[in-house]
Each structure stands twice: as C-alpha cells, then as structure tokens.
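Trainee:
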Amino acid sequence: MIPVLEVPSHEDLTEFTAFLWRAHVPHRVVEEKGRQVIWVAASFNPLQVQELYRYWRDGGELSRVEVHALPKKRRIRSLAWTELPVTLGLIVLSLVISLVVGFGSDLVRMSWFSFTPFEVKGDTMLHALLGYTLMSGELWRLWTPMFMHFSVLHIVFNLLWVWIVGARIEPAQGSRALLGLVLFSSVVSNLAQYLVSGPMFGGMSGVVFALLGYAWIWDRQSGYPRVGLPPALMGMMVIWLVLGYTGVLEWVGFGAIANTAHLAGLLAGLCWLPAGRALSRHSG
1 MIPVLEVPSH EDLTEFTAFL WRAHVPHRVV EEKGRQVIWV AASFNPLQVQ ELYRYWRDGG
61 ELSRVEVHAL PKKRRIRSLA WTELPVTLGL IVLSLVISLV VGFGSDLVRM SWFSFTPFEV
121 KGDTMLHALL GYTLMSGELW RLWTPMFMHF SVLHIVFNLL WVWIVGARIE PAQGSRALLG
181 LVLFSSVVSN LAQYLVSGPM FGGMSGVVFA LLGYAWIWDR QSGYPRVGLP PALMGMMVIW
241 LVLGYTGVLE WVGFGAIANT AHLAGLLAGL CWLPAGRALS RHSG
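For the sequence shown, the positions run 1 to 284 when full-length UniProt numbering is used.
1. DSSP three-state call for Met237: helix, strand or coil?
2. Consult DSSP for Phe16 and reduce its assignment to one of helix, strand or coil.
3. Which of helix, strand or coil does DSSP assign to Met110?
4. How would you label Pro145, buried or exposed, when you count the other beta carbons within 10 angstroms and need 16 or more for buried?
5. Please state whether DSSP places Glu6 in a helix, a strand or coil.
6. So, under 8 angstroms CB-CB, Ser98 and His149 are touching, yes? Tell me the CB distance rounded to an integer number of Å.
7. Is the distance from the Cβ of Ala215 to the Cβ of Leu229 below 7 angstroms?
8. Grab me the residues of Leu179's own chain with a C-beta within less than 7 angstroms of its C-beta, minus the 5 sequence neighbours each way, in chain order.
9. For the putative contact between Pro3 and Glu83, defined by C-beta atoms under 8 angstroms, what is the C-beta separation to the nearest angstrom?
10. Which one of Arg168, Glu51, Leu181, Gly206 has the shortest CA to CA distance from Leu279?
11. Is it right to say Asp262 is buried, meaning 16 or more other beta carbons lie within 10 angstroms of its own, or is it exposed?
12. State yes or no: is the beta carbon of Pro46 nearer than 7 angstroms to at least one beta carbon in chain D?
13. Tell me which same chain residues have a C-beta within less than 6 angstroms of the C-beta of Leu142, skipping the five on either side of it?
14. Should Asp123 be labelled buried (16 or more other beta-carbon atoms within 10 Å of its own) or exposed?
15. Quick check on Trp272: buried or exposed, where buried means 16 or more other Cβ atoms within 10 Å of its Cβ?
16. Tell me whether Thr116 sits in a helix, a strand or coil according to DSSP, three-state version.
17. Spatial neighbours of Pro71 within its chain, please: CB distance less than 7 angstroms, with the 5 preceding and 5 following residues excluded, ordered by chain position.
18. Using C-beta distances below 8 angstroms, list every residue in its chain close to Trp163, excluding the 5 sequence neighbours before and after it, in chain order.
19. Do you know whose CA, among Phe115, Thr246, Glu119, Arg168, lies nearest Leu212's CA?
20. What do you reckon, are the CB atoms on Ser105 and Asn158 nearer than 7 angstroms?
21. Within 10 angstroms of its Cβ, does Asp219 collect 16 or more other Cβ (buried), or is it exposed?
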C-alpha cells in the first residue's frame with residue numbers, strides 16, 4: 001500500500017472510507033504524528049482517490065459517483081501515456097541520442113550534444129570554452145550530455161532508475177515538478193563534471209542520483225503523497241558513489257564513471273526540496 005492523503009486527526013472519515021470499500025478500493029487509515037493517513041493499494045491511482053476526497057469534502061454526493069476499476073494492462077498504459085510525459089521523454093531521448101552517437105563511437109556526432117563542442121585532431125582534442133559556447137546561443141548543451149550513453153549496460157541501468165523513480169514522482173507531484181528537478185540537477189551535475197574533466201562525458205547518472213536523493217528527502221520530511229522508495233536505497237546510493245570513486249564500476253563494464261556528476265546530482269536533488277514543494281501540484 002501507499003499513502004495518498006493526510007488529514008487532521010479530528011476529521012470523521014467514516015462516510016468516505018465506507019465509499020472506498022463499496023468502490024472496492026483496498027485501504028486503511030492509520031494515525032501518524034497526530035494526523036490521519038489514508039493508505040490505498042499500490043495498484044490504484046492516488047490522484048483519483050485524492051480527487052474523490054476533495055469532491056466529498058466539498059459536499060459532493062458520493063452515492064452519485066460510480067467507480068469502475070480498469071483492467072491492469074489498460075490502467076498501466078493509461079498511466080504511462082497520460083501522466084508520465086517527462087519520464088517517458090527522458091527515456092526516449094536517451095535511447096535516440098545514444099544510438100545517434102553510436103554509444104560514444106561517433107565523435108563527430110558526440111560533439112553535437114556535448115557540454116561544449118569539440119574537435120579531435122590527431123592525438124589532440126580541442127574544445128570551445130564554455131563562455132563562448134553559451135554566448136553563441138547553444139544553451140541546449142547545458143542539458144544534452146545527459147542523453148548520451150556509452151554502453152548498453154550504462155543506458156539500461158540509468159533508464160531503469162529513471163522509470164522506477166520518475167514513475168513515482170511524476171503522477172504524484174506533476175510533470176512540472178519532475179521537469180524542474182531534472183533540468184536543475186542536469187545543469188548542476190553537468191557543470192560540475194565539466195569543470196573537473198572537460199566536455200567528454202555523458203549519461204543520466206547525475207539526474208538519477210538527484211531523483212533518488214530528492215525522493216529520499218521528500219519522504220523523510222513527511223511530504224505527501226509519499227514517493228515510497230525503500231529507505232535503504234539511500235545507503236545503496238552512498239555505497240554506489242563510493243564504488244565509483246574506487247574504480248570498481250569501471251572495471252566491471254560501466255565505462256568511465258562521472259563521479260563528480262553523481263555527487264553533484266545527489267546534492268542537487270537534496271537541495272531541490274523547497275522548489276519541489278512549490279512546483280508540486282499538491283502544494284498549498
């Protein structure tokens with residue numbers, strides 16, 4: 001089950017919970033920190049339950065509401081296409097651009113998407129300065145490196161996490177909140193990595209660390225609706241970060257690891273909490 005609503009402890013939910021049972025929505029109400037928290041089965045869209053609650057609270061007649069459960073396959077497909085445009089967009093763009101650059105084998109095309117344009121002459125790589133690049137109007141380069149991946153393992157790992165975490169944040173908080181987090185953390189992690197290693201880097205890892213860090217701090221600060229990731233994931237993130245600095249991940253086939261981007265992305269995600277609250281569709 002996942003938490004979808006938090007209401008004052010004195011509010012009488014008898015009528016509303018009775019309606020949920022009649023509508024065949026498995027749920028339970030628990031008291032946490034002096035508040036009532038409504039949990040529903042994870043297979044149900046939390047937004048629908050929240051909208052029903054607001055309708056009931058505003059005086060709507062629940063007896064007039066008819067709820068039809070969607071078949072599982074149809075429910076998943078509807079959720080994906082109507083409520084996950086940012087998550088799906090990140091996945092599609094990563095797949096397309098990674099294929100365009102040949103997973104890093106085509107340096108000419110890589111230069112189209114790198115943080116600053118570069119050119120290889122013999123054994124020498126020449127790249128434009130960041131200030132010149134931005135003054136030239138190529139602002140897209142602040143974000144496009146996140147779409148380039150340099151191995152199948154690299155892209156599968158990153159996009160799996162984008163799907164797992166993005167598909168939890170976006171339906172609950174809205175596409176605007178997720179897009180803001182992605183754009184912010186991508187710029188921060190890309191800039192940090194560029195200052196350390198130059199423009200030859202790519203991947204969604206910095207954004208992934210930001211998503212995980214944000215999900216962790218959101219739940220820890222009692223944000224509702226919760227993202228609902230296991231708390232142990234934060235420990236796994238730290239271990240993964242340390243392994244990256246030891247060189248183990250590169251040795252097992254992940255390629256060159258943008259460790260600075262990982263750390264910067266994680267910090268960006270943790271710092272995004274106030275903005276996330278402001279952008280979330282549930283703020284106020």
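Beta carbons: idealized from backbone N, C-alpha and C, even for Gly. Bear in mind the structure is a predicted one, so any value in this text is a computation, not a measurement.
Mentor: This is what the structure holds:
1. DSSP places Met237 in helix when its eight states are reduced to three.
2. In this structure, Phe16 counts as helix in the three-state DSSP scheme.
3. Three-state DSSP puts Met110 in a helix.
4. Buried is the call here.
5. Three-state DSSP puts Glu6 in a strand.
6. Taking C-beta atoms under 8 angstroms as the contact rule, Ser98 and His149 qualify, at a distance of about 4 angstroms.
7. It is a contact, given that the beta carbons lie within the stated cut-off.
8. Hits under 7 angstroms: Val86.
9. 18 angstroms between Cβ atoms; not a contact.
10. With distances taken between Cα atoms, Leu279 lies closest to Leu181.
11. First, the amino acid is wrong: residue 262 is His here, not Asp. Its Cβ being crowded by 16 or more others within 10 Å, His262 is buried.
12. Any reference to chain D falls outside this structure, which holds one protein chain only.
13. For Leu142, the CB contacts under 6 angstroms within the same chain, skipping 5 residues up- and downstream, are Val187 in chain order.
14. By the 10 Å Cβ count, Asp123 comes out exposed.
15. It is buried - the Cβ of Trp272 has at least 16 other Cβ atoms within 10 Å.
16. Residue state, collapsed to three classes: coil.
17. Low confidence applies here, because Pro71 scores a pLDDT of 43, under 50, leaving its location unreliable; read the following figure in that light. Its chain contains no residue whose beta carbon lies nearer than 7 angstroms to that of Pro71 once the 5 sequence neighbours on both sides are disregarded.
18. For Trp163, same chain residues with a beta-carbon under 8 angstroms away, outside a window of 5 residues either side, are Thr87, Ile91 in chain order.
19. Nearest to Leu212 by C-alpha distance, out of Phe115, Thr246, Glu119, Arg168, is Arg168.
20. Asn158 is positioned such that its CB atom lies no closer than 7 angstroms to that of Ser105.
21. With 16 or more neighbouring CB atoms inside 10 Å of its own CB, Asp219 falls in the buried class.
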